[in-house]
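These notes are about the structure you will find just below.
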Amino acid sequence: MSLETDVENNPQTQTTPTPSPRPLAPKESERNRNIHSIILVCSLALAGCFFLPWIKFLFGTPSGYDLQQLPSDEAKLVWLIPATALVALVAAIAKQGVLVTAQIAGAMPFVALIYYRVKLGEELFQILQIGAYLSLALGVILFITPRFLEKTKSS
Numbered sequence: 000m001s002l003e004t005d006v007e008n009n010p011q012t013q014t015t016p017t018p019s020p021r022p023l024a025p026k027e028s029e030r031n032r033n034i035h036s037i038i039l040v041c042s043l044a045l046a047g048c049f050f051l052p053w054i055k056f057l058f059g060t061p062s063g064y065d066l067q068q069l070p071s072d073e074a075k076l077v078w079l080i081p082a083t084a085l086v087a088l089v090a091a092i093a094k095q096g097v098l099v100t101a102q103i104a105g106a107m108p109f110v111a112l113i114y115y116r117v118k119l120g121e122e123l124f125q126i127l128q129i130g131a132y133l134s135l136a137l138g139v140i141l142f143i144t145p146r147f148l149e150k151t152k153s154s
């Protein structure tokens, strides 16, 4: 009796190689993907608000970009809003450090509002335009939304 006839007669001894199960990479939850998308869109929109009219003066309605061109060094502070929004955008794409960067970007319009409110007084609220209001609304979304991210489990 040869070894080949034993294998042919006894089909239970024949084994086909089974692929070894590979551990699946942990999938990002649907909720986190949605939150990252919201942060990505809002940070892009916040950077875009820099080019919308922010205030109403006698000579027109300058945007954030127009304001930063004023000779005052304080006007250069408005660059912090689109700069932090772009950092939050990159963080949302990379999915790293989203919580901190999005909250900083969301707080920046309010920091600017407080700063210029102290400098200009009550009249600031009478000269604000759509770009400023949209920046504040997007700031609220960027500040609150990252708090709903689920913590990922790393082994």
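According to numbering that gives the first Met the number 0, the residues represented by the sequence shown are 0 to 154, in order. The beta-carbon is built from N, C-alpha and C at its ideal position, and this holds for glycine as well. In this text, all values refer to a predicted model and were calculated from it rather than measured experimentally.
### Message
Can you tell me whether F49 is helix, strand or coil according to DSSP?
### Response
Here residue 49 is taken as the residue at index 50 of the sequence shown, counted from 1. DSSP places F49 in helix when its eight states are reduced to three.
### Task
Let me know the secondary structure DSSP gives G63 once reduced to three states.
Along the sequence shown, read from residue 1 onward, the residue named residue 63 stands at position 64. The answer is helix: DSSP assigns G63 an H, G or I state.
### Query
DSSP three-state call for L69: helix, strand or coil?
For the purposes of this step, residue 69 is taken as the residue at position 70 of the sequence shown. Looking at L69 - three-state DSSP - the assignment turns out to be coil, as it is neither helix nor strand.
#### Entry: Identity of the residues DSSP links to I178 by a beta bridge
Residue 178 lies beyond the range of the chain shown here (0 to 154); nothing can be said about it.
### Query
Who are the Cβ neighbours of G63 in its own chain at under 6 angstroms, not counting the five residues just before and after it?
In the sequence shown, the residue the question calls residue 63 occupies position 64. Closer than 6 angstroms at the Cβ level, and outside the excluded window around G63, lie F49, W53 and V77.
### Task
Check whether the Cβ atoms of A74 and L66 sit closer than 8 angstroms, and answer yes or no.
Looking up residue 74 in the sequence shown gives position 75. Looking up residue 66 in the sequence shown gives position 67. Yes. Within cutoff.
#### Entry: Beta-carbon proximity check, L148 vs V97, cutoff 8 angstroms
The residue labelled residue 148 in the question sits at position 149 within the sequence shown. The residue labelled residue 97 in the question sits at position 98 within the sequence shown. Yes. Within cutoff.
### Query
When DSSP labels each residue in this structure, what does E122 get in the three-state scheme?
Stepping through the sequence shown from its first residue, residue 122 is reached at position 123. Helix, per DSSP.
### Query
Expressed to the nearest angstrom, what Euclidean distance is found between the alpha-carbon atoms of L135 and A87?
By one-based count along the sequence shown, residue 135 stands at place 136. By one-based count along the sequence shown, residue 87 stands at place 88. If I take the Cα positions, the gap works out to 16 angstroms.
### Query
Helix, strand or coil: how does DSSP classify R148 here?
By one-based count along the sequence shown, residue 148 stands at place 149. Per the sequence shown, the amino acid found at residue 148 is Leu instead of Arg. Residue state, collapsed to three classes: coil.
### Task
Please list, in chain order, all residues of the same chain as T60 whose beta carbon is under 6 angstroms from its beta carbon, the five residues on each side excluded.
Along the sequence shown, read from residue 1 onward, the residue named residue 60 stands at position 61. If we look at T60 and ignore the five residues flanking it on each side, its Cβ neighbours are P52 and Q128.
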